[in-house]
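Novice:
Protein chains: 2
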Amino acid sequence: MDDRHDDPAAEVWQRIRAISHNPTAMAAFHQITQETGLPLAPLRALLVLPLDEPIPMRQLAKRLGCDNSYVTSLVDALEQRGLAVRRQHPTDRRIKVIMLTDEGRELTKRAQLADTTPPDSFANLSPTEITTLRDLLRKLGPDQT
Amino acid sequence: MDDRHDDPAAEVWQRIRAISHNPTAMAAFHQITQETGLPLAPLRALLVLPLDEPIPMRQLAKRLGCDNSYVTSLVDALEQRGLAVRRQHPTDRRIKVIMLTDEGRELTKRAQLADTTPPDSFANLSPTEITTLRDLLRKLGPDQT
DNA sequence: TATTGTTATACTCTATAACTATA
DNA sequence: TATAGTTATAGAGTATAACAATA
C-alpha cells in the first residue's frame, strides 16, 4: 500500500533529509532573525567568525564557500547593525579584517547554540541508541576531522 | 583536542545535516539543471506533480507549501520549456489544471530518480546496518505515513 | 602583474497586495 | 461574497564582470 519504504536505504536517505529540514530544527534560528531583523545569511556568517580573532574578508569568503563580492554585502549587514567592524590589516593595506563587536559576540554565541542543539526528538533515543546511530553515521562520512 | 564530538547527540545532529547537504548528494540534480537550463525551483516542482493526472495550480501550491502567486511563475517556467501545459478545468472555469507533457514526464522520472537515490557512501553499510539505522531514524520522527 | 576588496548588475527564490474572472 | 489564478513589486540570496588600491 505504501511503496515509499520498500527500500530501507531509500527510507534512510529520505529520513535523513526530512530530519535536517525539519522546521522545528530551524525554529531557534528563525527566532533570532525575527528578534534582530538580521537576515538569515548574515546570521549564518556569524557562525564561521572567530569570537576573538579578526580575519580577512577573503578568509570569510573561503569559510562560507562564497564569492568575495558577496562577503562585502554580508559584512555590510553585520556592520550596519553594530555586530562587526572592518579594520585595516596592520601590514598589508589591501586587506580588511573583520572583527566581532561585543554585541556581535553575544549574538554569535547564541546562534552557535541554536545551530548545534539537536531537535527535541533526540530525547526519544537512549544514550546507547545515540552512540549506535553516531557510529553508523560515521560510516556514511565524509570524515570530519 | 577536538571538542566538537564530546556530545554524541551533537555529533549525530551535525552529521545528519552534513550528509543531507553533501554536494555529491545534489550532484545529479544540479546536473539536470545544467543540461536543461531549468532552474532548481521549477525542477523541484516536477517532483510533486503526478505523472498522469492533472492537478489544479492551487493543489500544486499546497504540495510545495508555497504561495499561489509563486506557482504561477513556476508553471510559467515549465510551460515555456514545453514540460507542462495549463488546461481549463472541465467544470469550474476559475481553475486551471497543470499537466505534464511527454517531455516533462521523462524529465520528472529522471528528477525523481536523482532525488531518491542515496549517496554512494551508503554502500559502506551492510543491509543489517541499514535497517538498524532506519529504525533509529524512525524514532527521530516525524512520522511519515 | 597578481591580489583584496568594492560596485554595478543580474538572476533565482519567494512573499504580499492588488486585481480579474468566475462561482 | 469567496475562491482561483495573475500581475506588479519587493526583498533575500548569490554570482559575474569591471574596477580601484595595493603589493
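Residue numbers (the working numbering), protein chains in the order written: chain A, 1 to 145; chain B, 1001 to 1145. Built from N, CA and C at the ideal position, the CB exists for glycine as well. Model, not experiment: these values are computed from the prediction.
(1) Assuming Leu78 of chain A contacts Gly104 of chain A (C-beta within less than 8 Å), just tell me the rounded distance between them.
(2) For chain A, check one thing: does any of its Cβ atoms lie closer than 8 Å to the Cβ of Ala1010 of chain B?
(3) Name the residue from A:Leu51, A:Ala84, A:Asp102 and A:Arg17 whose alpha carbon lies nearest to the alpha carbon of Pro42 of chain A.
(4) Check for me: the beta strand (DSSP E) holding Leu100 of chain A runs from which residue to which?
(5) May I ask you to list the residues that DSSP assigns as paired with Pro1056 of chain B?
(6) Per DSSP, what kind of secondary structure is Arg15 of chain A in: helix, strand or coil?
(7) Got a sec? Which residues, its chain only, sit under 8 Å from Thr1033 of chain B by beta carbon, not counting five neighbours each side?
(8) Which residues bound the beta strand (DSSP E) around Val155 of chain A?
(9) Taking beta-carbon pairs under 7 Å, can you tell me which members of the region 96-123 of chain A lie near chain B?
(10) Looking at chain B, is there any beta carbon in it that lies within less than 8 Å of the beta carbon of Arg17 of chain A?
(11) Roughly how many angstroms separate the alpha carbons of Gln112 of chain A and Val1012 of chain B, rounded to a whole number?
(12) For Pro1090 of chain B, count the other beta carbons within 10 Å of its own beta carbon; 16 or more makes it buried, fewer makes it exposed. Which is it?
(13) For the region 1054-1078 of chain B, enumerate the residues whose C-beta is nearer than 9 Å to any C-beta of chain A, in chain order.
(14) Work out the CA separation of Asn124 of chain A and Thr24 of chain A for me, nearest whole Å.
(15) Anyone know if the C-beta pair for Asn68 of chain A and Arg58 of chain A falls short of 8 Å?
(16) At a CB-CB cut-off below 7 Å, which residues of chain A make contact with Gly1141 of chain B?
(17) Any C-beta of chain A sitting closer than 8 Å to the C-beta of Ile1130 of chain B?
(18) For Leu1125 of chain B, which residues in chain A fall below 9 Å Cβ to Cβ?
(19) Keeping to the same chain, check which residues put their C-beta closer than 8 Å to that of Met1001 of chain B; ignore five residues upstream and five downstream.
(20) Per DSSP, what are the beta-bridge partners of Arg1063 of chain B in this structure?
(21) Please check if any C-beta of chain B sits within less than 8 Å of the C-beta of Leu133 of chain A.
(22) Using a Cβ-Cβ cut-off of 8 Å (strictly less than) and excluding sequence neighbours within five positions of Leu60 of chain A, which residues of its own chain qualify?
(23) Would you give the residue range spanned by the beta strand (DSSP E) that Ala84 of chain A belongs to?
(24) Under three-state DSSP, which class holds Pro50 of chain A?
Specialist: In short:
(1) In this structure Leu78 of chain A is in contact with Gly104 of chain A, their Cβ atoms being roughly 7 Å apart against a cut-off of 8 Å.
(2) Closer than 8 Å: yes.
(3) Here the closest residue by C-alpha is A:Ala84.
(4) From DSSP, the beta strand (DSSP E) with Leu100 of chain A extends over Lys96 to Leu100.
(5) According to DSSP, Pro1056 of chain B shares a beta bridge with B:Val1097.
(6) Correct three-state label for Arg15 of chain A: helix.
(7) Counting only Cβ-Cβ distances below 8 Å, and skipping sequence neighbours, we find Pro1039, Leu1040 and Leu1043.
(8) Chain A is shown only over 1 to 145; residue 155 of chain A falls outside these bounds and no answer can be derived.
(9) Only Thr116, Pro118, Ser121 and Phe122 from the region 96-123 of chain A bring a Cβ to less than 7 Å from some Cβ of chain B.
(10) So, interface residue.
(11) The straight-line gap separating the alpha-carbon atoms of Gln112 of chain A and Val1012 of chain B is approximately 16 Å.
(12) Counting the other Cβ atoms within 10 Å of the Cβ of Pro1090 of chain B gives fewer than 16, which makes it exposed.
(13) Going along the region 1054-1078 of chain B in chain order, one finds no residue with a Cβ nearer than 9 Å to chain A.
(14) For Thr24 of chain A and Asn124 of chain A, the distance between alpha carbons rounds to 16 Å.
(15) Their beta carbons are under 8 Å apart, which means Asn68 of chain A touches Arg58 of chain A by this criterion.
(16) Using a Cβ-Cβ cut-off of 7 Å, Gly1141 of chain B is close to Ser121 of chain A, given in chain order.
(17) Answer yes: the Cβ-Cβ gap between Ile1130 of chain B and chain A drops below 8 Å somewhere.
(18) Chain A residues near Leu1125 of chain B: Ala9, Val12, Leu136, Lys139 and Leu140.
(19) Because Met1001 of chain B sits at a pLDDT of 42, beneath the cut-off of 50, its placement in the model cannot be relied upon, and the following sentence gives the value as read from the coordinates. Here the set comprises nothing.
(20) Partner(s): none; Arg1063 of chain B has no beta bridge.
(21) Yes, contact with chain B.
(22) Within the same chain, Leu60 of chain A has close Cβ partners Ala45, Val48, Leu49, Val71, Leu74, Val75 and Ile98.
(23) That run of the beta strand (DSSP E) goes Ala84 to Gln88.
(24) Pro50 of chain A carries a coil assignment under DSSP once its states are collapsed to helix, strand and coil.
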